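Protein chains in written order, with my numbering: chain A, 3 to 307; chain B, 3 to 307. A virtual CB, placed ideally from N, CA and C, is assigned to each residue, including glycine. Quick caveat: nothing in here was measured; it's all calculated off a predicted structure. Notes follow once the structure below has been shown.
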């Protein structure tokens, strides 16, 4: 743990990049606002990633967006012309399934998902039975006299992530499981307030749906995505690299940079996503990355003669 | 203000009722869980209210449920066989409109409502233009590339209450107004976690939708319903009775009883709604009403010879 606020952040220079290339073996990237915005790749990203790979660096993609599985993320990278392997991707949908696995969540219990297909796919790959997800986006909860809204008593965990089809049916289902099923876990993929779901603007993120369930259950969730370092153990086992030889690159102070600092990584903030330079420099901001740059491709541009 | 925790609460006795009848001029009732559960009147309520009226007591109904307007509440009472005048009803939908009024909210600004028809009706009666509400329950927000989700820049307040048709469209609309329209107010009708929307079980309350908007905007709302005493000024002006000669009767400790105590009223908790005797007696509970009873009609039953 190394979450003490850094005194200052410095604008990334060519010398800093040379230092990073010497001292870092793996670069961890957030995706939304760093690699892409919605369905558009951010300028120069492909070339910058290629450059880092050519220098023998490990690339890892750590995203809080739970709507896709790792397989679906690999497809998205492919469709944008970047070749990324499934096992280089750590999504919060995968993290939720792994949390259940490492905590020996019983296979016979079910998991109710408020969120996208990605959560259900990762649950299934981990051997669990998921309920809810996109299909419950069509269901309605009617407030009729003498009608009882039934929920599955064998649900032992509710996983909440970004859900663009959130509705009262799902809110009641998740709330009933958490309030009435003994020991039912409440897992949040992440708590991002907003995110660049489209290239032109930000939209409510998983933090919105998670807060809704906090509001109705008056319980706090277990968070498996950034800034929680839950995923770091998997990363370390997978790549056998020490945290001090990693650099976390992200666009959010309260998730990406805090995650990197919590884990003891070097940190680079890019201003291509949801954080502006005034946000970073605001006296109320206590989260200071080691470096900041306008975008990932600055790494390459600054190195060019 | 008189919110200090009472040392104990006592089970209501015939002697207490005689004391209350001597010392109290107005009884303030919560509705859900006190007068009715969903669409069913709680046993003996009609007779108990009749008894209090026969003793010359003012009856006032103070409800956090914002889905109906005062007019619609009067109709609901009527349909259940209880005659209640519109101006005896103080709903949080009315409170939201009154909050704007007393704060001189400009008539040319619009108000976006996440909630039921009741909020829009009260806004209109107060001379304001409401947007959203039930009609936005049919709308969908598509996350398409290069599509901009447009919102009305003249919205100056977002009012959030219980909304059984909550969806991503409304969450994005309300979030954009609060984040992007300069000075836009964020008003919560109330923050009840759950409520007896049907007679057989509890459902997520306004606290769920309000928390969702807190989650996406990272702002805290102005709460106009209980336990906020905002409505008390209206009550006092209307009925010209001092708070110390009022008794608040409710089923929720954190809204009804706290509201009564905050205002300096006597307080009576009824166990016919969401609070159980173990909840009341739990050492972690710091909110102690003066009295508790199983239901409103105990008032009448205890007085019978």
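Expressed to the nearest angstrom, what Euclidean distance is found between the alpha-carbon atoms of residue i and residue j?
i	j	result
residue 182 of chain A	residue 61 of chain A	43 angstroms
residue 118 of chain A	residue 164 of chain A	7 angstroms
residue 166 of chain B	residue 158 of chain A	25 angstroms
residue 239 of chain A	residue 273 of chain B	54 angstroms
residue 94 of chain B	residue 235 of chain B	14 angstroms
residue 36 of chain B	residue 251 of chain B	8 angstroms
residue 78 of chain A	residue 42 of chain A	11 angstroms
residue 131 of chain B	residue 115 of chain B	10 angstroms
residue 230 of chain B	residue 284 of chain A	33 angstroms
residue 206 of chain A	residue 144 of chain B	13 angstroms
residue 52 of chain A	residue 151 of chain B	35 angstroms
residue 185 of chain B	residue 104 of chain B	17 angstroms
residue 219 of chain B	residue 196 of chain A	8 angstroms
residue 56 of chain A	residue 209 of chain A	37 angstroms
residue 212 of chain A	residue 224 of chain A	10 angstroms
residue 313 of chain A	residue 135 of chain A	Given that chain A is displayed from residue 3 to residue 307, the structure contains no residue 313 of chain A and the question cannot be resolved.
residue 121 of chain A	residue 248 of chain A	27 angstroms
residue 50 of chain A	residue 139 of chain A	39 angstroms
residue 168 of chain A	residue 69 of chain A	13 angstroms
residue 45 of chain B	residue 299 of chain B	7 angstroms
residue 65 of chain B	residue 228 of chain B	8 angstroms
Below 6 angstroms CB to CB, which residues in the same chain sit around residue i once its five sequence neighbours on both sides are set aside?
i	result
residue 39 of chain A	198 and 201
residue 215 of chain B	162 and 176
residue 82 of chain B	43
residue 170 of chain B	143
residue 2 of chain B	Nothing about residue 2 of chain B can be reported from this structure: the residues present for chain B run from 3 to 307 only.
residue 265 of chain A	231, 234 and 245
residue 20 of chain B	none
residue 59 of chain A	29
What is the DSSP secondary structure of residue i, counted as helix, strand or coil?
i	result
residue 27 of chain A	coil
residue 116 of chain B	strand
residue 272 of chain A	strand
residue 263 of chain B	helix
residue 207 of chain B	coil
residue 47 of chain A	helix
residue 233 of chain A	coil
residue 290 of chain A	coil
residue 151 of chain B	coil
residue 86 of chain A	coil
residue 145 of chain B	coil
residue 179 of chain A	helix
residue 197 of chain B	strand
residue 249 of chain B	strand
residue 93 of chain A	strand
residue 127 of chain A	helix
Any C-beta of chain A sitting closer than 8 angstroms to the C-beta of residue i?
i	result
residue 161 of chain B	no
residue 259 of chain B	no
residue 295 of chain B	no
residue 183 of chain B	no
residue 278 of chain B	no
Residues in the same chain with beta-carbon distance under 8 angstroms from residue i, minus the five sequence neighbours each way, listed in chain order, please.
i	result
residue 13 of chain A	293, 294 and 295
residue 226 of chain B	94, 97, 98, 100, 101, 189, 190, 191, 192, 232 and 233
residue 18 of chain B	12 and 293
residue 127 of chain B	71 and 99
Within the 8 angstroms Cβ cut-off, does residue i reach chain B?
i	result
residue 214 of chain A	yes
residue 174 of chain A	yes
residue 166 of chain A	yes
residue 266 of chain A	no
residue 169 of chain A	yes
residue 177 of chain A	yes
Given residue i, which residues of its chain have a CB within under 7 angstroms of its CB, disregarding the five upstream and five downstream residues?
i	result
residue 155 of chain B	183
residue 221 of chain B	180 and 188
residue 16 of chain B	304 and 305
residue 91 of chain B	63, 72, 75 and 76
residue 277 of chain B	253, 254, 255 and 271
### Message
Can you pull out the residues from the segment 146 to 160 of chain B whose beta carbon lies closer than 9 angstroms to at least one beta carbon of chain A?
### Response
Taking 9 angstroms as the upper bound on Cβ-Cβ separation, chain A lies near residues 146, 147, 148, 149, 150 and 151 of the segment 146 to 160 of chain B.
### Message
So if I threshold CB-CB distances at 9 angstroms, which residues from the segment 191 to 208 of chain A count as touching chain B?
### Response
For the segment 191 to 208 of chain A, the set of residues with a beta-carbon nearer than 9 angstroms to any beta-carbon of chain B comprises 193, 195, 196, 199, 200, 201, 202, 203, 204, 205, 206, 207 and 208, in chain order.
### Query
Using a Cβ cut-off of 9 angstroms, which residues of the segment 211 to 240 of chain A contact any Cβ in chain B, in chain order?
For chain B, the residues of the segment 211 to 240 of chain A that bring a beta carbon within less than 9 angstroms of one of its beta carbons are 211, 212, 213, 214, 215, 216, 217, 218, 219 and 220, in chain order.
### Message
What are the residues in the segment 127 to 143 of chain A lying within 9 angstroms of chain B by C-beta distance?
### Response
Those residues of the segment 127 to 143 of chain A that come within reach of chain B (Cβ to Cβ, closer than 9 angstroms) are 142 and 143.
### Message
Please list, in chain order, the residues of the segment 40 to 51 of chain B that have any C-beta partner in chain A closer than 9 angstroms.
### Response
For the segment 40 to 51 of chain B, the beta-carbon criterion of a distance under 9 angstroms to any beta-carbon of chain A is satisfied by 40, 41 and 42.
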